[in-house]
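A.B. asks: Structure provided below as structure tokens; questions to follow.
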Amino acid sequence: MTAERRRPAGAAVMQPQVTEAITEAVLAELAEVGYGRLSMEAVARRAGVSKPTVYRRWRSKEEMVAALASTLAVAAAETPDTGTLRGDVRAYLESAAGMLSHPLAARVIPDLLAEASRNPTLAQSLLVGARDTRRERAADMLRRAIARGELPVDLNIDLALDMLAGPLYWRLMIVGIPIEPDYLGRLTDLLIAGWRG
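So for the sequence shown, the numbering used here puts the first residue at 683; every next one is plus one.
This is the structure we're talking about:
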């Protein structure tokens with residue numbers, strides 16, 4: 683007869699509200715001090731939790747930041763199936779614009795990209811967790827359009843994905859020009875025309 687497994691007591695249970703507080707603390711610390719000066723201790727202090735609470739979730743700041751970046755990137759890469767390519771692309775761009783326009787994103791994303799250029803392990807974690815997941819979801823959106831006959835079957839999906847991500851990132855993160863009300867609609871039409879050749 684096996685002993686019944688005991689449920690962990692309150693402190694050992696991963697409580698969603700605690701994870702959310704830690705996530706907010708990580709973003710605030712990244713925006714304030716950058717990745718190089720980020721510490722697990724400062725995150726715990728800002729979140730109002732103990733260091734062991736943070737370490738139960740992630741073993742290192744690199745793992746913590748990669749997991750957070752992946753979660754946020756995946757959330758921003760939602761591609762609802764609206765039934766049309768135009769609707770799907772517009773929804774994708776709206777989601778991406780919302781993420782890239784967030785005040786914290788403007789401070790955190792460039793810092794993480796700069797750090798990733800110096801830290802191959804972090805770079806790999808960000809590529810697998812954030813970039814690859816976002817690209818695969820967007821590729822699914824393009825494959826649906828091909829299956830519906832809205833795009834040519836010989837579409838170069840990798841190149842199309844570069845075209846999808848590039849203009850919005852360039853405008854919001856590199857040159858810092860806000861988007862006008864009709865910008866996403868015009869960009870959607872331009873992308874689709876380019877993909878159709």
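Positions of the beta carbon are idealized from the N, C-alpha and C atoms, including for glycine.
By the three-class DSSP mapping on this structure, what secondary structure does Q697 have?
C.D. replies: Of the three classes helix, strand and coil, the one that applies to Q697 here is coil, per DSSP.
A.B. asks: From T735 to A805, what distance separates their C-alpha atoms?
C.D. replies: One C-alpha to the other measures close to 26 Å.
A.B. asks: If distances are taken between C-alpha atoms only, which option among L837, V747, R741, L782 comes closest to P849?
C.D. replies: Considering only alpha carbons, the answer is L782.
A.B. asks: Thinking C-alpha only, which one of I856, R825, A707 is nearest L720?
C.D. replies: The option with the nearest alpha carbon to L720 is A707.
A.B. asks: Answer with buried or exposed for V835, where buried requires no fewer than 16 other C-beta atoms within 10 angstroms of its C-beta.
C.D. replies: V835 comes out exposed.
A.B. asks: Looking only at its chain, what residues have a beta carbon closer than 6 Å to the beta carbon of Y774, apart from the 5 residues adjacent to it on each side?
C.D. replies: Within the same chain, Y774 has close Cβ partners T761.
A.B. asks: What is the rounded straight-line gap between the Cα of L843 and the Cα of D871?
C.D. replies: About 15 Å.
A.B. asks: Is the region 741-751 in contact with the region 716-731, if contact means three or more CB pairs nearer than 8 Å?
C.D. replies: Yes, since at least three Cβ pairs between the region 741-751 and the region 716-731 fall closer than 8 Å, the two stretches touch.
A.B. asks: If you compare alpha carbons, which of R868, L846, Y865 is closest to W877?
C.D. replies: Considering only alpha carbons, the answer is L846.
A.B. asks: How would you label Q699, buried or exposed, when you count the other beta carbons within 10 angstroms and need 16 or more for buried?
C.D. replies: Q699 should be labelled exposed.
A.B. asks: By the three-class DSSP mapping on this structure, what secondary structure does T753 have?
C.D. replies: T753 falls in the helix class under three-state DSSP.
A.B. asks: Between which two residues does the alpha helix (DSSP H) harbouring D770 extend?
C.D. replies: Note, D770: alpha helix (DSSP H), 767-783.
A.B. asks: Have a look at M855 and A779 and give me their C-alpha separation to the nearest angstrom.
C.D. replies: Approximately 10 Å, taken between the alpha carbons.
A.B. asks: Please report how far the alpha carbon of I828 lies from the alpha carbon of R853, in whole angstroms.
C.D. replies: Cα to Cα, the separation comes out at about 28 Å.
A.B. asks: Please determine, among A796, L833, A755, the residue with the shortest C-alpha to C-alpha distance to D814.
C.D. replies: Closest option to D814, Cα to Cα, is A755.
A.B. asks: Where do the ends of the alpha helix (DSSP H) carrying A812 lie?
C.D. replies: Element bounds for A812: n/a, residue is neither H nor E.
A.B. asks: When the Cα atoms are used, what is the spatial distance from E776 to R800?
C.D. replies: Looking at the two C-alpha atoms, the distance is approximately 31 Å.
A.B. asks: Grouping DSSP H, G and I as helix and E and B as strand, with all else coil, what is V857?
C.D. replies: Coil, per DSSP.
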